[in-house]
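In the UniProt record's numbering, the protein residues as written are 1 to 395.
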């Protein structure tokens, strides 16, 4: 089969690799019909190379048609149309029963002290072959796959794999009080969807911040008040406080993560780690502060006293400096973590099966491309060129 494979910093290729096979009775094989490129895939493209292996198959946002199932997968049959959550979970352990599928006790990657295994995402998360491919082996298929209706475009359902539950969790974790204000930092795919989810769930006022005009326009079209960081930069906190009675918003979502604008020290740390041999670089990244924390520090500055920060952008450093005095003094509440996909599907799926596209998923992708064009799509996404906000690959 063809698959998108990792071979180094900014070096992804489409290659022919062996077809996956059923290894365990709870496995399934799906033929991928659509698969997304996620903002967190850019971390692999740019920063997290020390934790990757040459030839690793990328991707964690797939959907497709079931081709084959193991003998212990009673809930699926060949021909079913399914969306595959980005994390792999068993559905029956203590953590899964708490709705914390990203902490699944069966698939936790204990050798690295990490949570549930993820598709296509580094040794830290199990180095499981990902979904930017023609075929995908799905472990724990008795629980993970989400069966969706057989009709309609993939665009309606594919975001159940990651974007929709991630945004849904981010807004829920933000705990915006009735009549309150939510600020969203970063309007990539997740931040963009957070705007839509927040408006759908009744958040009265959404202030959205980014640098890219196309992203700002999309957020504005869905009811957000937008601010271009380039126009305010060091005074963003003052600007938002002026918009919110001098207090700041009740809640802030950091949808940026480690690739924040600016932050020369964080950029230097990432680049320095990238110059080291992989084994040494991995040790440095596991014990040092290598994140660009501009977005998180901005969230801490902007949120009102007693407010809530919902952290959904991915960070990777183990010893990042945090302004604990300010966080303590402001009584900030902080919630974070990978989205627990299956926890939120019952709330989201009815919106997708409704004829009305309330979240605008049908036109959410800016680019729909064949798998062979993945390398160029990664480059454009990383450089924020050609209006690239969300890419769906079509194997």
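The beta-carbon is built from N, C-alpha and C at its ideal position, and this holds for glycine as well.
| Item | Value |
| --- | --- |
| Quick check: what's the CA-CA separation for residue 258 versus residue 297? | 12 angstroms |
| Counting only runs of 4+ residues fully inside the region 164 to 213, write out the alpha helix (DSSP H) ranges in chain order. | 189 to 200 |
| If distances are taken between C-alpha atoms only, which option among 130, 363, 145, 199 comes closest to residue 20? | 130 |
| Suppose you measure from the CA of residue 3 to the CA of residue 35; what does that come to, to the nearest Å? | 11 angstroms |
| Quick check on DSSP: helix, strand or coil for residue 350? | helix |
| Could you work out which residue in 191, 149, 232, 147 is closest to residue 390 when comparing CA atoms only? | 191 |
| So what's residue 72 in DSSP terms, helix, strand or just coil? | coil |
| Are at least three pairs of beta-carbons, each pair with one atom in the region 189 to 204 and one in the region 214 to 227, less than 8 angstroms apart? | yes |
| By the three-class DSSP mapping on this structure, what secondary structure does residue 256 have? | coil |
| Return the CA-CA distance between residue 99 and residue 343, expressed in angstroms with no decimal places. | 5 angstroms |
| Among the residues of its own chain, which have a CB less than 6 angstroms from the CB of residue 177, if the five just before and after it don't count? | 250 |
| Please report the residue range of the alpha helix (DSSP H) in which residue 379 lies. | 374 to 383 |
| For residue 265, which residues from the same chain have a beta carbon less than 6 angstroms from its beta carbon, with the 5 sequence-adjacent residues on both sides left out? | With a pLDDT of 40 at residue 265, under the threshold of 50, the predicted position of this residue should be treated as unreliable, though the coordinate-derived value follows. The answer is none, since no qualifying residue turns up. |
| Whole angstroms are fine: how far does the CA of residue 124 sit from the CA of residue 280? | A caution first: residue 280 carries a pLDDT of 45, below 50, which makes its placement in the model unreliable, though a value can still be read off. About 15 angstroms. |
| Can you tell me the Cα-Cα spacing of residue 195 and residue 135, whole angstroms? | 33 angstroms |
| For residue 184 and residue 253, which I take to be in contact (beta-carbon distance under 8 angstroms), what is that distance rounded to the nearest angstrom? | 5 angstroms |
| Below 8 angstroms on the Cβ atoms is my contact criterion, and I expect residue 302 with residue 236 to pass it. Report the Cβ-Cβ distance as a whole number of Å. | 7 angstroms |
| Check for me: the beta strand (DSSP E) holding residue 35 runs from which residue to which? | 28 to 37 |
| Which runs of the beta strand (DSSP E) spanning at least 3 residues fall entirely within the region 41 to 124, listed in chain order? | 62 to 69, 81 to 83 |
| Determine the direct distance from the alpha carbon of residue 348 to that of residue 200, and round the result to whole angstroms. | 11 angstroms |
| Curious, which full-length alpha helix (DSSP H) runs of at least 4 residues does the region 216 to 260 contain? | 229 to 232, 236 to 243 |
| To the nearest angstrom, how far is the alpha carbon of residue 5 from that of residue 393? | 14 angstroms |
| In the DSSP assignment, what are the bridge partners of residue 394? | 370 |
| DSSP beta-bridge partners for residue 396? | Because the chain spans 1 through 395 in this model, residue 396 falls outside it and cannot be assessed. |
| Spell out the partners DSSP gives residue 310 in its beta bridges. | 253, 335 |
| Opposite residue 6 in the DSSP bridges: which residues? | 12 |
| Can you grab the Cα-Cα spacing for the pair residue 197 / residue 187, in whole Å? | 13 angstroms |
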